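Undergrad: This is the structure I want to talk about, given as structure tokens.
Number of protein chains: 2
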Amino acid sequence: MTLELSVDRGSPVPLYFQLSQQLEAAIEHGTLTPGSLLGNEIELAARLGLSRPTVRQAIQSLVDKGLLVRRRGVGTQVVHSQVKRPLELSSLYDDLEAAGQRPATKVLVNTVVSATAEIAAALGVAEGSDVHQVERLRLAHGEPMAYLCNYLPPALLDLDTAQLEATGLYRMMRAAGITLHSARQSIGARAATSEEAERLAEEAGAPLLTMQRVTFDDTGRAVEYGTHTYRPTRYSFEFQLLVRP
Amino acid sequence: MTLELSVDRGSPVPLYFQLSQQLEAAIEHGTLTPGSLLGNEIELAARLGLSRPTVRQAIQSLVDKGLLVRRRGVGTQVVHSQVKRPLELSSLYDDLEAAGQRPATKVLVNTVVSATAEIAAALGVAEGSDVHQVERLRLAHGEPMAYLCNYLPPALLDLDTAQLEATGLYRMMRAAGITLHSARQSIGARAATSEEAERLAEEAGAPLLTMQRVTFDDTGRAVEYGTHTYRPTRYSFEFQLLVRP
DNA sequence: TCAATGCGTATGTCCGGACAATCTGACTAC
DNA sequence: GTAGTCAGATTGTCCGGACATACGCATTGA
């Protein structure tokens, strides 16, 4: 079979990116079957009228994504297993939306509080200084699913309650021009207190899935600290991860 | 301050790798302070007697690791935040060892069983075919910490009980020439059954942290399926993750 | 005073070529 | 028949250069 590949030099989209997208689409679509060889880089470059470094850059990006595997002396082949996505820094809202559910959000608290020692340490601000606090309840199919408590540095974002209910916090941050860079997460479990149980329509002592996260932008500022509790019967963390070579 | 950088052209270690390692060490050591500019690539290349693509390759690898941030028109600077490691496919054994603890392992079961539908689906083998089963109890400071149940395809590995107690499963796989590539994970929580509770010295109904994982090698074969339960008072999943640009 | 413009600087993209390292498979020698 | 050897194929590394693009800042203009 011959793979239809072409690049548009008039497009502002980088050539290597055009190529990697077409290859990824072909893998996704099944045109490039798992295990099949991709054909050597030099010939592929010649066929497309590109240079080898450009082709290599395209292939490399897919290798980084885990879709391709290179073998010296053999060639580049499509990975057999079904790689979906290698763990992104995704918000619960996006996760649910991607799963086809229509998540609902109920903002319980949207205010400014004085930072406790824990919050101050996480966000890197002075203890006692003002921080935004947002408490939300995330529902799916009318059932409570997770209780989210977040703290943000002051003057970072305009936290409109209506907007918080219509979209996710991360989406609002990105829209405000904040470049999310990395996050430090901790996932655990514990028994629900009576207060937590009531919020999530569980019973006191029921197991809860917990997640704490501090998110940093590309300048190294902490832009968000969150403590979340999930109902384990309704939610679990699913992700694919790659081995760093 | 002047950063000491040099490369050895006689070494079989790639030049870009030598450079990236030195830069990483300088960041780790604090010689390159967070937020500081790295100096433009062209001059850096000239100073080291390297070409710009080589220098770029070194820098790019650190950008991928989350240690550096590039800004067009500005330069490349060291990320402020404390990036430790961006979530590896690590075994519990390695995690504990890295944390300074000396993990102990007790192999409870090491046998061959007939694959149930669940196991067969995860490993991609025929239902009812033979698979290895390993059940282990992981202890730290004499206290049970996690209960690990793993299934492996037949004839993949020689599962020596003594070796399983002395090291981790992943380390044994790597030593056997298996190239780990990716894994699909699911982390959740549930209440302990009385059987599970007894194994982990908890009470029935106590919250447990659960993890399921299927690991694939670079040919796409499933090489391991594991169902783990952790005591949440003793263990939680901590990791750093990067945002895919 | 404030906004628009222009310029320098640094990274982003792309090219064409060269040699080295490694894997596969076929051939050869014992 | 088996083991060692060699050649072809393919990716890995590296070079030197060219132009495009975006950011920050100083200058200019209203």
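Chains A and B, in that order, are what the protein sequence lines are. Residue numbers for the first sequence, in the numbering used here: 2 to 246. Residue numbers for the second sequence, in the numbering used here: 2 to 246. Even glycine gets a Cβ: it sits at the ideal position worked out from N, Cα and C. What you are looking at is a predicted structure, and each value in this text was computed from that prediction instead of being measured.
Which word fits A/E5, buried or exposed, when buried means at least 16 other C-beta atoms lie within 10 angstroms of its C-beta?
TA: Exposed: under 16 other Cβ atoms inside 10 Å.
Undergrad: Going by the C-beta, is B/Q61 closer than 6 Å to any heavy atom of the ligand GTP?
TA: Questions concerning the ligand GTP fall outside what the structure shown contains, since it holds no ligand whatsoever.
Undergrad: In terms of residues, what are the limits of the alpha helix (DSSP H) holding A/A141?
TA: Careful: A/A141 lies outside any alpha helix (DSSP H), inside the beta strand (DSSP E) at 131-141.
Undergrad: Report all residues from its chain with a CB closer than 6 Å to the CB of B/M212; omit the five preceding and five following residues, and keep chain order.
TA: I188, H229
Undergrad: From B/L39 to A/R10, what distance separates their C-alpha atoms?
TA: 33 Å
Undergrad: Assuming B/R214 is part of the beta strand (DSSP E), what are its boundary residues?
TA: 208-218
Undergrad: Once the 5 residues before and after B/I125 are set aside, which same chain residues still bring their CB inside 6 Å of it?
TA: A small fix is needed here, since residue 125 of chain B is Gly in this sequence, not Ile. The answer, listed in chain order, is A223.
Undergrad: Does the segment 59-67 of chain A come into contact with the segment 57-64 of chain B, if we say contact requires no fewer than three beta-carbon pairs (one atom in each stretch) closer than 8 Å?
TA: no
Undergrad: Using 8 Å as the threshold, is the segment 103-121 of chain A in touch with the segment 146-163 of chain A, meaning 3 or more CB pairs across them?
TA: yes
Undergrad: Using a cut-off of 8 Å between C-beta atoms, extract the partners of A/H182 located in chain B.
TA: G67, V70, V80, S82, L243, V244
Undergrad: With DSSP as the reference, identify every bridge partner of B/P145, one or two as the case may be.
TA: B/L140
Undergrad: To which residues does DSSP link A/T228 through a beta bridge?
TA: Bridge partners of A/T228: A/C150, A/Q213.
Undergrad: Between the C-alpha atoms of A/Q241 and A/Q78, what's the straight-line distance to the nearest angstrom?
TA: Those two C-alpha atoms are separated by around 20 Å.
Undergrad: Just to make sure I have the definition right: I need the residues of chain A whose C-beta is within less than 7 Å of the C-beta of B/S195. Which are they?
TA: Counting only Cβ-Cβ distances below 7 Å, B/S195 has no contacts in chain A at all, with the closest Cβ about 15 Å away.
Undergrad: Assuming A/P233 contacts B/R191 (C-beta within less than 8 Å), just tell me the rounded distance between them.
TA: The beta-carbon distance between A/P233 and B/R191, rounded to whole angstroms, is 6 Å. This is short enough to meet the 8 Å contact definition.
Undergrad: Kindly list the residues whose CB is nearer than 7 Å to the CB of A/S52, restricted to its own chain and excluding five residues on each side of it in sequence; keep chain order.
TA: A46
Undergrad: Under a Cβ-count criterion, where at least 16 other Cβ atoms within 10 Å of its own Cβ denotes burial, should A/E199 be classed as buried or exposed?
TA: exposed
Undergrad: Out of B/I43, B/E166, B/G221, point me to the one whose CA is closest to A/T251's CA.
TA: The requested residue 251 of chain A does not occur in the structure, where chain A is confined to residues 2 to 246.
Undergrad: Got a sec: which bits of the segment 215-229 of chain B sit with their beta carbon under 8 Å from any beta carbon on chain A, in order along the chain?
TA: Residues of the segment 215-229 of chain B with a C-beta atom less than 8 Å from some C-beta of chain A are F217, D219, T220, G221, R222, A223, listed in chain order.
Undergrad: Hey, does A/F240 have any beta-carbon neighbour from chain B nearer than 7 Å?
TA: yes
Undergrad: Compare the C-alpha of A/A184 against each of A/T216, A/E197, A/T194, A/R172 and name the closest.
TA: A/A184 has its Cα closest to that of A/T216, out of A/T216, A/E197, A/T194, A/R172.
Undergrad: Would you mind stating whether A/E128 and A/L109 have Cβ atoms separated by less than 7 Å?
TA: no
Undergrad: Which of the three DSSP states, helix, strand or coil, is assigned to B/T34?
TA: coil
Undergrad: Along chain B, in chain order, which residues have C-beta atoms closer than 7 Å to that of A/L210?
TA: G189, A190
Undergrad: Note down the Cα distance separating B/L140 from B/R235, rounded to an integer number of angstroms.
TA: 10 Å
Undergrad: Select from the segment 29-43 of chain B all residues with a C-beta closer than 8 Å to any C-beta belonging to chain A, and list them in chain order.
TA: If the cut-off is 8 Å between Cβ atoms, the segment 29-43 of chain B has P35, G36 near chain A.
Undergrad: Mapping the DSSP letters down to three states, classify B/V56 as helix, strand or coil.
TA: helix
Undergrad: If you measure from the beta carbon of B/R185 to each beta carbon in chain A, is any gap under 7 Å?
TA: yes
Undergrad: Identify the contact partners of A/P233 in chain B, using a Cβ-Cβ distance below 7 Å as the criterion.
TA: G189, A190, R191
Undergrad: Measuring alpha carbon to alpha carbon, tell me which residue in B/R73, B/G143, B/D219 is nearest B/G178.
TA: B/D219
Undergrad: Determine the extent of the beta strand (DSSP E) in which A/T77 is found, giving its start and end residues.
TA: From DSSP, the beta strand (DSSP E) with A/T77 extends over 76-79.
Undergrad: Helix, strand or coil: which one does DSSP assign to B/E128?
TA: coil
Undergrad: On the premise that A/V56 lies in contact with A/L69, defined as a C-beta separation below 8 Å, what is that separation, rounded to the nearest angstrom?
TA: No, A/L69 and A/V56 are not in contact; Cβ-Cβ is about 12 Å, not under 8 Å.
Undergrad: In whole angstroms, what separates the C-alpha of B/A27 from that of A/A105?
TA: Between the C-alpha atoms of B/A27 and A/A105 there is a straight-line separation of about 47 Å.
Undergrad: Helix, strand or coil for B/L69, going by three-state DSSP, please let me know.
TA: strand
Undergrad: By alpha-carbon positions, which one of B/L138, B/N111, B/S115 ends up nearest to B/S130?
TA: B/S115
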